[in-house]
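K.L.:
Residue numbers (full-length UniProt numbering), protein chains in the order written: chain U, 1 to 353; chain E, 1 to 326.
Before I ask anything, here is the structure I am working with.
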Amino acid sequence: MSAPLLEVEGLARHWAVKGGTVRAVDGVSFALGRGETLALVGESGCGKSTTARLALRLIEPTAGRVRIDGTDITGLSGGAMRRMRRQAQIIFQDPYASLNPRLTVGEAIAEPLIVHGIGDAASRAARVRELLGLVGLAAWQAGRFPHEFSGGQRQRIGIARALAVQPALIICDEPVSALDVSIQAQVVNLLKDLQARLGLAYLFIAHDLAVVKHMADRVAVMYLGRIMEVADKRSLFANPRHPYTRALLSAIPQPDPRRRGMVKPLGGDVPSPLNPPPGCRFHTRCPHAEAICREVEPPDVEVAPGHRSACHFAAALPPVEALAGEGLSPIAARRLALFAERKPTQSAPSTLT
Amino acid sequence: MTAGPILRIEGLRTRFGGFAAVDGVDLDVPRGRTLGIVGESGCGKSVLSLSVMGLVPRPGRIAEGRVLLEGRDLLTLPPAAMRRVRGGEVAMIFQEPMTSLNPVHTVGAQIVEAMRAHEPKGQGSARDLRERAIAALRRVRIPSPERRFEEYPHQLSGGMRQRVMIAMALACAPRLLIADEPTTALDVTVQAQILDLLRELQAETGMSIILITHDLGVVAEMADEVAVMYAGRVVERAPAAALFEDPQHPYTIGLLGSVPRLDEERTRLLAIEGSVPPPFALPPGCRFAPRCPFVAEACRAEVPALRGIGPAHGVACLRAPVELAA
């Protein structure tokens, strides 16, 4: 009954390469409930996108289990796996690369329906029109080709296609990273609207913590193939209990010149996943590292209800300075409100069955 | 002379065939300080910087305007003189350092080459140049610069490559550095390092910086003065503090509202509807009019000029301030 919609346990993916093994994902566990958004964040090479693909078996895991709706999908055969994929769909960072340039948008959106044997030609066409409306595009655009659309519109098409088979879960792999900020905001709003209407769960992969703060219910921070910290969004942003999370948060330049110079850069680069450092993977860059961190991999401990951190000193870290600023200036806030008030209410999704 | 701007751009118009990617831009780059140019893709910010460098790709050409570096118009310089300015007085770094570095030469050889290109022949022995290149690497805080000197670009991380580009750009002590999205391809912790480095180097050398970015956070962190560009024009210009305190142009307001913030919980982002018009399909009048919630009849009739509304604060909008727009 109360099985999580997506449950990942000890998930790992190693690649044998010349000179050793790349541990792209190295023992990742999390659960995601219905209607919930869990964000996986981290810098390039942390394994977040690989985790996303492993969760759908687009890449086969080296070790670990993935359960969707209580069913272990790691051993499922072709047909059963395909049926399971009706539950879980994915959208990608670059919607252009994931759309076949020779299919019209209508054909691209109808394709999953055909694959899953849903409906006949007429009902599929109706569904395509409905889906286009749902993502804020017009029904007549079904006959157009991907190159005729802007980046933001293509991402809407990708979302429509993912929604076609009425999944309970959508894995969003950096869905707004390639978009301009004003367009990014449109797509973020659309994803939130769709979640509210359809009760979707999102596994939201991103590197931008500000976007994550806006989208997620819970956040897992990854570094070199491992989850360093996972918590409810409020708890994570108000009281991060892992030095890496703190470093990430304090590295974000904020749109507030009053906070200039408060960014404290972390030294060094992310080490290669080919030879991750022994002990805690973060110790080479960690301002709090001590001898134990170089030798012993820290266990994942619960520091508060639902808030886990893989740091030897999770409980002993000093309190954080206020990471965030004071928000918009009163004048800017007032003008923003006016802008929002007068804005034509366009991108609200249309009706849905 | 010393008090004036180091670079003054006047009425710059850069055309690609029938349309202008930069369409009448006036800007001053303050001496020893940073001018941030913000805008989304297609706003013309990169073409603007290439115009200053005399590097506009064909079929683009500068149709009008002046680019005055210390009072000297770069647009009238013969190619050889312009080459000396580029990399000498004015240097540039780009978003993707990997594509700007030659993969088959060592990092050291490329820095030495940059130094040679801008100095009279016969100046300095090979050993001198090597020493100076290593010093340049050290200056951008690259650890073990002697070893890095011998390495190839692919052996360096993205952040290290951008440091190498900065070292090359600074090799000839430019007075103006144009940084076009220098941290966009980098992870956020590495971005923080590079921004920090640029600030330190500016304090050391007194160089002026034009920082081109789409990221309002980076602007707030780095810029003294800011120009917001939209569809080839500057729509607002202000000191950084004033821009964030008192954003005037509806596009600036919309951009500020589009960015999710760490210090605020908003249920909905303020998305600007629609998208930036391509330069071959510009609307009549104000280019932001089709997306602007404050649009009035007059906005569609003429392109609004930038008008001053405060100290060093200008806005190209008939309706600003928007709270007075009926």
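Just so it is clear, CB atoms sit at the ideal spot from N, CA and C, and this is done for glycine as well.
Count the other C-beta atoms from every protein chain shown that fall within 10 angstroms of the C-beta of I142(E), then say buried if there are 16 or more, exposed otherwise.
P.N.:
Buried, since its Cβ has 16 or more Cβ neighbours within 10 Å.
K.L.:
Please report the Cβ distance between V234(E) and L27(E), rounded to the nearest whole angstrom; I am assuming they are in contact, meaning their Cβ atoms lie under 8 Å.
P.N.:
With 8 Å as the limit, V234(E) and L27(E) qualify as a contact, their Cβ atoms being about 7 Å apart.
K.L.:
Taking the DSSP output, what are the residues bridged to Y202(U)?
P.N.:
According to DSSP, which records beta bridges pairwise, Y202(U) is partnered with T37(U), I170(U).
K.L.:
Listing by chain order, which chain U residues have their CB less than 8 Å from the CB of V218(E)?
P.N.:
What V218(E) touches in chain U: P253.
K.L.:
Does H214(U) come within less than 8 Å of chain E when only Cβ atoms are used?
P.N.:
Interface residue, yes.
K.L.:
Please state if the CB of V295(E) and the CB of A289(E) are separated by a distance shorter than 8 Å.
P.N.:
Yes. Within cutoff.
K.L.:
What is the DSSP secondary structure of G314(E), reduced to helix, strand or coil?
P.N.:
In the structure shown, G314(E) sits in a strand (DSSP, three-state: E or B).
K.L.:
Assuming A220(U) is part of the beta strand (DSSP E), what are its boundary residues?
P.N.:
Here the beta strand (DSSP E) through A220(U) covers 218-223.
K.L.:
Under 8 Å between beta-carbons, which chain E residues line up against A289(U)? List them in chain order, please.
P.N.:
Going along chain E, no residue has its Cβ under 8 Å from A289(U), so there is no contact; the nearest lies around 16 Å.
K.L.:
Would E200(E) pass as an interface residue toward chain U - the criterion being a Cβ-Cβ separation below 8 Å?
P.N.:
Judged by the 8 Å Cβ criterion, E200(E) is not in contact with chain U.
K.L.:
Check the Cβ-Cβ distances between M1(E) and every residue of chain U, and say whether any is below 8 Å.
P.N.:
Its pLDDT being 45, under 50, M1(E) is placed unreliably by the model, and the measurement read from it follows with that caveat. No, M1(E) does not count as interfacial toward chain U.
K.L.:
Could you tell me whether the Cβ of Q162(E) comes closer than 8 Å to any Cβ of chain U?
P.N.:
Chain U, which has no Cβ nearer than 8 Å to the Cβ of Q162(E), makes this no.
K.L.:
Establish whether the CB of D269(U) and some CB of chain E are separated by less than 8 Å.
P.N.:
Answer yes: the Cβ-Cβ gap between D269(U) and chain E drops below 8 Å somewhere.
K.L.:
Nearest to L324(E) by alpha carbon, out of I109(U), L113(U), L338(U), H312(U)?
P.N.:
Measuring from the Cα of L324(E), the nearest candidate turns out to be L338(U).
K.L.:
Taking Cβ-Cβ distances below 8 Å as the criterion, which residues of the segment 176-193 of chain U are in contact with chain E?
P.N.:
The residues in question are D180, V181, S182, I183, Q184, A185, Q186, V188, N189, K192.
K.L.:
How would you label A238(U), buried or exposed, when you count the other beta carbons within 10 angstroms and need 16 or more for buried?
P.N.:
Label assigned to A238(U): exposed.
K.L.:
Can you tell me whether A231(U) is helix, strand or coil according to DSSP?
P.N.:
Three-state result, A231(U): strand.
K.L.:
Figure out for me which residue from D263(E), L198(E), L195(E), P293(E) has the closest Cα to the Cα of V329(U).
P.N.:
Inspection of the sequence shows that residue 329(U) is occupied by Ser rather than by Val. Nearest C-alpha to S329(U): D263(E).
K.L.:
Could you tell me the distance, in whole angstroms, from the CA atom of E64(E) to the CA atom of E148(U)?
P.N.:
Answer to the nearest angstrom: the Cα atoms are 33 Å apart.
K.L.:
Please return the same chain residues whose Cβ sits closer than 7 Å to the Cβ of P4(U), not counting the five positions on each side in sequence.
P.N.:
Only A31, L32, G33 meet the Cβ criterion.
K.L.:
For S258(E), which residues in chain U fall below 8 Å Cβ to Cβ?
P.N.:
Neighbours of S258(E) on chain U, chain order: V181, S182, Q184, A185.
K.L.:
Do E181(E) and L35(E) have their CB atoms nearer than 8 Å?
P.N.:
No, these two residues do not count as a Cβ contact at 8 Å.
K.L.:
Using only alpha-carbon positions, find the residue among P319(U), G79(U), G279(U) that is nearest to V115(U).
P.N.:
Ranking P319(U), G79(U), G279(U) by Cα distance to V115(U) puts G79(U) first.
K.L.:
Could you run through the segment 161-195 of chain E and flag, in chain order, every residue whose CB is less than 8 Å away from some CB of chain U?
P.N.:
The residues in question are D187, V188, T189, V190, Q191, A192, Q193, L195.
K.L.:
Since I142(E) is in the alpha helix (DSSP H), which residue starts that stretch and which ends it?
P.N.:
I142(E) -> no alpha helix (DSSP H), and no H or E assigned at all.
K.L.:
Could you compute how far the alpha carbon of R13(U) sits from the alpha carbon of L134(U)?
P.N.:
Their backbone Cα atoms lie some 36 Å apart in a straight line.
K.L.:
Write down the C-beta distance between A271(E) and N189(U) rounded to the nearest angstrom, noting that I regard them as a contact closer than 8 Å.
P.N.:
Rounded, the Cβ-Cβ distance is 5 Å, consistent with contact.
K.L.:
Check whether the Cβ of H154(E) lies closer than 8 Å to any Cβ atom in chain B.
P.N.:
Absence of chain B from the displayed structure is noted, the protein chains being U and E.
K.L.:
Taking P276(U) as the reference, give the member of R23(U), E7(U), W15(U) with the closest Cα.
P.N.:
When only C-alpha atoms are compared, the closest one is R23(U).
K.L.:
Does DSSP put E225(E) in a helix, in a strand, or in coil?
P.N.:
The answer is strand: DSSP assigns E225(E) an E or B state.
K.L.:
Nearest by alpha-carbon distance to I90(U): which of R102(U), D69(U), P112(U) is it?
P.N.:
If we check each option's Cα against that of I90(U), P112(U) comes out closest.
K.L.:
On a Cα-Cα basis, can you pick out the residue from D196(E), P30(E), R15(E) that is closest to D23(E)?
P.N.:
Checking every option, the nearest Cα to that of D23(E) belongs to R15(E).
K.L.:
Anything in chain U within Cβ reach of L318(E), meaning under 7 Å, just list it in chain order.
P.N.:
The premise fails here: L318(E) is roughly 16 Å from chain U at the closest Cβ pair, so nothing lies under 7 Å.
K.L.:
Output, in chain order, the set of chain E residues within a Cβ distance shorter than 7 Å of E326(U).
P.N.:
Within chain E, the residues near E326(U) are D263.
K.L.:
Along the alpha helix (DSSP H) that carries H214(U), what are the first and last residues, could you check?
P.N.:
Element bounds for H214(U): 209-215.
K.L.:
Do C43(E) and H118(E) count as a contact pair if the criterion is CB distance below 8 Å?
P.N.:
It is not a contact, given that the beta carbons lie outside the stated cut-off.
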